[in-house]
Structures are given as C-alpha cells and as structure tokens.
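Undergrad: My questions all concern the structure below.
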Amino acid sequence: MKKNTVALSLVFCLFFLWAISSNLLPTMIRQLMKTCELNTFEASFTESAYWLAYFICPIPIAMYMKRYSYKSGIVFGLLLAAFGGLLFFPAAMIQEYWAYLCIFFIIATGMCFLETAANPYVTALGNQQTAPRRLNLAQSFNGLGAFIAAMFLSKAVLTTEQPAEGELPADSIVYISLAIVLIAFALLFVFVKLPKIQESDRDAKNRKLIDFSVLHRSHLRWGVIAQFFYNGGQTAINSLFLVYCCTYVGLSEETATTFFGFYMLAFLAGRWIGTLLMGHFRPQQMLLAYAIANIMLCIVIMTFGGMIGLYAMLAVSFFMSIMYPTQFSLALTDLGDQTKSGSAFLVMAIVGNACLPQLTAYVMHTHAGIYQVAYVIPLVCFAFCAYYGWRGYKVIRK
C-alpha cells in the first residue's frame, strides 16, 4: 500500500474534482430557472444533459483505456472537462439554454473518463478484501467536493448582484476557474508516474476492448441495476433540493444554500463514518441497513413535507453516503480481467440521473398541492439498493 500512496493521493483528488462539477448542477438548475425563464420540469433537463454522457460514453471510454491506459484516460478526461468549462465564456454572451445543455454534456464526458478510470483503479491498487473500504475512503473526497460546491460555490453562482457591462456572470467565473484547475491537474498527471495494473495471462490473450459477457455475472448485473436506481434517487433529491427549499418551503436563496451545505456536510460525515465502520461490519450489511433507513426517511418526507421533510433530507444524505462506492466495489468483486468492462457498465448505470430526477420533478410540478408525494420515486430507488445489500451482491461462481 505504501508504494501506491502517491498514486492513490492523486486519484483521490479526481473524486474531489468531479464532485465539484456534478454538485454544482442543483445550483445551476436554480440559476437557469432565472436566466432562461424555465419552470422546475424544464430546468431539470440540465441533469439529463449532464448524465446522458454517462450512458453514451463509458463503453467507448473503457475501450480507449483498455487499448491505452488508465493514465491516458485520466489526462484526456481532465482536458475535455476543462474545455467544457471554458465554453462558459461564449455561453454567457448568448444566454441560450441549449448552449448550456451542450456544455454540461461536454463537461460530463470528461468527468466520465475520470470516473470510469478512477473507481476500478482504486480497487486494483491494494488488497482486494479491503477494496470496498478503500473506495469509500476515496469517495470521502467526493463528499468533501460536494460540501464545498454546496456551501460555498453555490452562493457564488446564485449571487443577486448583476454583472456590470462587459463582465462575466458569477456562474461563468466559477466554471472557468474550475477549468483552470482541471488543466493544472492534467499537467500534473502527465509528469507523475502511476503504477500500471498488471494484466492476467488470460487478459493478455483476450484483447476484446469491451466484454459484454461480464453481464452474465449476476452480482454485476444486479449491481448495475442497483446503481441505476441509487443514482437516480440520489440525484432526484439533490437536484430538487434548492427548488424544494425556495419554492415549496419558502426559504430565501441564501438560507437554502446554507441548508444545501449542511446537506452535503451530512453526506461527507456519512462517508467518513461509514469508512470507519467498515472496519467492523460487512459492506453489504451496512448497505442494507442504510437503504432501509432511507426508505423510512422518504416516508417521513412524503407524510409531512415542509421543514420536517427538509430535516429528513439531511438524514437521507448521511445514509446515502456509502451506497454508491459500496455497490460499485461489491459489483466488481471477482471480475478479474473483466474489471474494466464491468466498470464501464456500472458507470453507464448513472444514466438513472438522466431520467428519474425528471420524473420526480414532473410529479412535483404537476402536484404542487401535495408536492412531497414525488419522493415516492427515491423511496423505490432505495428499495432496489436494499435488495442488493440483502441478496443481489452474492457472487455466484460457475
């Protein structure tokens, strides 16, 4: 493990960076509702544009990395995401919704390179038995990025001050600054030597760029299904958090972004505490317990709504924290030379973010009097996660 410390530290930074990008989306939904005069349902397609890239791109990305390396995929992804961030400059000039959707797709494609590479790379750098705990530790940095995006950057994006003539709006400044940071990290990865993951003899003979037969493994197949629903449920709650606070609870944007910061702080705390608890409990047991807790909390949100529902969401964030990395690492168990292909399908499952939040937003928009009923959709999503922690994770060897 010690010889991999530098590599793991750099890869942990990637988890931080893509969290900044993805967790600015709820703030941008609120901002674009004002900039482009959109309703809740229309603005929710910001998430669709971003997460659609995670459905389209993982297989080509996995093929690219199998032909070249994890490192080349990381560098290319950083530069592509940076290019998307720099496009906020012309987008600020035209202020058309379609332009923002195109930009978010480009940024997400770059981040998809990072995620397709980083998750399996972390599981491979060390003992396979401790892979779930190691991936949860890496995802803790993802939680830190989410907290910073929610508590601080969201306030910068949602500033009420109008830019002077010739000045860039605040949201463009945030994304252009992020692009500069991404370019700096790309240069850092170019010059740092990363450990290569050794191929097995079987992999050396089998040069398939993507192996669809991996889906015959039931624990991976159920893992893909669980990841689809987890991602959709999490993003449904995340993306509508500020809309819920401002439109339905009546909070100011300043207060709402502070609550959003606490929401992401709960997520960060859940990641760190969950990583520690995995030293004492089996990952699948924790996944099952956390999923059941969130099912109960969704019932509270649906029953009461308002401020009680808002506080319940803070608890939901805590219990969502370990689900993604735990399901990811359990699904990659025992895949061997099929790990890159398995990782690609797991990342593709993030397409749940491109449809389930829109369904939730539609229900909320069309049932404004009982808006909280929309949270039945995340409830169903967590039920699939509970099943994976109960039975779906089991590795069946033929």
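Under the numbering used here, residues 15 to 412 are what the sequence shown spells out, in order. We put the beta carbon where it would ideally sit given N, CA and C, even for glycine.
Would Lys80 pass as a contact of Lys408 if the rule is Cβ separation under 9 Å?
TA: For this step, residue 80 is matched to residue 66 along the sequence shown. For this step, residue 408 is matched to residue 394 along the sequence shown. Their beta carbons are not under 9 Å apart, which means Lys80 does not touch Lys408 by this criterion.
Undergrad: Once DSSP output is grouped into helix, strand and coil, what is the label at Ala218?
TA: The count along the sequence shown starts at 1 and reaches residue 218 at position 204. Unreliable placement is indicated for Ala218, whose pLDDT of 47 sits below 50; the coordinate value is still reported in the next sentence. Three-state result, Ala218: helix.
Undergrad: Hey, Gly157 and Ser335: beta-carbon distance below 9 Å or not?
TA: Position 143 of the sequence shown, counted from the start, is the residue given in the question as residue 157. Position 321 of the sequence shown, counted from the start, is the residue given in the question as residue 335. Against a cut-off of 9 Å, the Cβ pair of Ser335 and Gly157 comes out as a contact.
Undergrad: Please classify Lys85: is it buried, with 16 or more other beta-carbons within 10 angstroms of its beta-carbon, or exposed?
TA: Reading the sequence shown from its first residue, position 71 is the one you call residue 85. Buried, because 16 or more other Cβ atoms sit within 10 Å of the Cβ of Lys85.
Undergrad: Looking at C-alpha atoms only, which residue of Pro74, Ala122 and Arg147 is the closest neighbour of Tyr189?
TA: Looking up residue 189 in the sequence shown gives position 175. Of Pro74, Ala122 and Arg147, the residue nearest in Cα terms is Ala122.
Undergrad: Closest to Met238 by C-alpha separation, out of Met310, Tyr68 and Val330, would be which residue?
TA: Against the sequence shown, residue 238 aligns to sequence position 224. It should be pointed out that residue 238 corresponds to Val in this sequence rather than to Met. Among Met310, Tyr68 and Val330, the Cα nearest to that of Val238 belongs to Tyr68.
Undergrad: Can you tell me whether Lys207 is helix, strand or coil according to DSSP?
TA: Position 193 of the sequence shown holds residue 207. Lys207 falls in the coil class under three-state DSSP.
Undergrad: Take Gly288 and list the residues in its own chain whose beta-carbon comes closer than 7 Å to its own, dropping the five residues that flank it on each side.
TA: The count along the sequence shown starts at 1 and reaches residue 288 at position 274. Asn150, Met300, Ser335 and Ile336, listed in sequence order.
Undergrad: Tell me which same chain residues have a C-beta within less than 8 Å of the C-beta of Leu282, skipping the five on either side of it?
TA: Position 268 of the sequence shown holds residue 282. Excluding residues within five positions, the ones whose Cβ falls inside 8 Å are Ser154, Gly157, Leu158, Ala160, Phe161 and Ser335.
Undergrad: Are the Cβ atoms of Tyr64 and Ile251 separated by less than 9 Å?
TA: The sequence position of residue 64 within the sequence shown is 50, counting from 1. The sequence position of residue 251 within the sequence shown is 237, counting from 1. Result no, Cβ atoms of Tyr64 and Ile251 do not sit closer than 9 Å.
Undergrad: Just to confirm the assignment, what range does the alpha helix (DSSP H) spanning Lys408 have?
TA: Taking the first residue of the sequence shown as position 1, residue 408 is located at position 394. No alpha helix (DSSP H) holds Lys408; DSSP gives it neither H nor E.
Undergrad: What does the alpha-carbon distance come out to for the pair Leu279 and Ala270?
TA: As a first step, residue 279 must be located in the sequence shown, where it is residue number 265. As a first step, residue 270 must be located in the sequence shown, where it is residue number 256. Their Cα atoms are separated by approximately 14 Å.
Undergrad: Given this structure, state the Cα-to-Cα distance separating Pro134 from Leu346, to the nearest angstrom.
TA: Taking the sequence shown and counting its residues from 1, one reaches residue 134 at position 120. Taking the sequence shown and counting its residues from 1, one reaches residue 346 at position 332. Spanning the two alpha carbons is a distance of roughly 8 Å.
Undergrad: Out of Phe97, Gly99, Asn308 and Ile120, state which residue places its alpha-carbon closest to the alpha-carbon of Leu328.
TA: Here the question's residue 328 lines up with position 314 in the sequence shown. Among Phe97, Gly99, Asn308 and Ile120, the Cα nearest to that of Leu328 is on Asn308.
Undergrad: Does the stretch 258 to 268 come within contact of the stretch 314 to 329, defined as at least 3 CB pairs closer than 8 Å?
TA: Verdict: yes, contact present.
Undergrad: Leaving aside the five residues before and after Asp215 along the sequence, list all residues of the same chain whose C-beta is less than 7 Å from its C-beta, in chain order.
TA: Position 201 of the sequence shown, counted from the start, is the residue given in the question as residue 215. With a pLDDT of only 44 at Asp215, under the threshold of 50, the placement of this residue in the model should not be trusted, and no figure is reported.
Undergrad: Residues in the same chain with beta-carbon distance under 8 Å from Leu167, minus the five sequence neighbours each way, listed in chain order, please.
TA: For this step, residue 167 is matched to residue 153 along the sequence shown. Excluding positions up to five away in sequence, the list reads Ile34, Leu38, Thr41 and Val188.
Undergrad: Are the beta-carbon atoms of Gln298 and Gly403 separated by less than 9 Å?
TA: Here the question's residue 298 lines up with position 284 in the sequence shown. Here the question's residue 403 lines up with position 389 in the sequence shown. Closer than 9 Å, so yes.
Undergrad: Using the three-state DSSP reduction, which class does Glu110 fall into: helix, strand or coil?
TA: Here residue 110 refers to the residue found at position 96 when the sequence shown is read from its first residue. Residue state, collapsed to three classes: coil.
Undergrad: Can you give, in chain order, each stretch of the alpha helix (DSSP H) that sits fully within the stretch 139 to 163 and has at least 4 residues?
TA: The stretch 139 to 163 contains these whole alpha helix (DSSP H) runs: 145 to 162.
Undergrad: Three-state secondary structure (DSSP) at Asn245?
TA: On the sequence shown, residue 245 is found 231 positions in, with the first residue counted as 1. Looking at Asn245 - three-state DSSP - the assignment turns out to be helix.
Undergrad: So the alpha helix (DSSP H) Asn308 belongs to, where does it begin and stop?
TA: Sequence index remark: in the sequence shown, residue 308 carries index 294 (1-based). Note, Asn308: alpha helix (DSSP H), Pro297 to Phe318.
Undergrad: Got a sec, what are the start and stop residues for the alpha helix (DSSP H) Gln372 sits in?
TA: Taking the first residue of the sequence shown as position 1, residue 372 is located at position 358. Segment Leu370 to Thr380, the alpha helix (DSSP H) holding Gln372.
Undergrad: Go through its chain and collect everything with a Cβ distance to Leu360's Cβ below 7 Å, but skip five positions before and after it.
TA: As a position in the sequence shown, residue 360 is number 346, starting the count at 1. Closer than 7 Å at the Cβ level, and outside the excluded window around Leu360, lie Gly237, Val238, Gln241, Phe342 and Ala345.
Undergrad: From which residue to which residue does the alpha helix (DSSP H) around Tyr401 run?
TA: Here residue 401 refers to the residue found at position 387 of the sequence shown. From DSSP, the alpha helix (DSSP H) with Tyr401 extends over Val390 to Tyr401.
Undergrad: Using the C-alpha atoms, what's the distance from His233 back to Phe398?
TA: In the sequence shown, counting from the first residue as 1, residue 398 sits at position 384. In the sequence shown, counting from the first residue as 1, residue 233 sits at position 219. Those two C-alpha atoms are separated by around 13 Å.
Undergrad: Let's test the definition: count the other Cβ atoms within 10 Å of the Cβ of Phe205 and tell me whether it reaches 16, buried, or not, exposed.
TA: By 1-based counting over the sequence shown, the position of residue 205 is 191. So Phe205 ends up on the exposed side.
Undergrad: How many Å lie between Leu31 and Leu196 at the Cα?
TA: Translated into the one-based positions of the sequence shown, residue 31 becomes position 17. Translated into the one-based positions of the sequence shown, residue 196 becomes position 182. Rounded to whole angstroms, Leu31 to Leu196 spans 8 Å at the Cα level.
Undergrad: Could you give the distance in angstroms between the alpha-carbon of Ala200 and the alpha-carbon of Pro72?
TA: Along the sequence shown, one-based indexing puts residue 200 at 186. Along the sequence shown, one-based indexing puts residue 72 at 58. Approximately 20 Å between the Cα atoms of the pair.
Undergrad: Give me, in chain order, the residues of the same chain whose beta-carbon lies closer than 6 Å to that of Cys312; leave out the 5 immediate sequence neighbours on both sides.
TA: As a working mapping, residue 312 is identified with position 298 in the sequence shown. Taken in chain order, the residues that qualify are Tyr389, Pro392 and Leu393.
Undergrad: Does the distance from the C-beta atom of Val377 to that of Val365 stay below 9 Å?
TA: Taking the sequence shown and counting its residues from 1, one reaches residue 377 at position 363. Taking the sequence shown and counting its residues from 1, one reaches residue 365 at position 351. No; because the gap between Cβ atoms is not below 9 Å, this pair is not in contact.
Undergrad: Residues in its own chain within less than 8 Å of His381 by CB, not counting five upstream and five downstream?
TA: If you number the sequence shown from 1, residue 381 lands on position 367. Answer for His381: Val387 and Ala388, listed in chain order.
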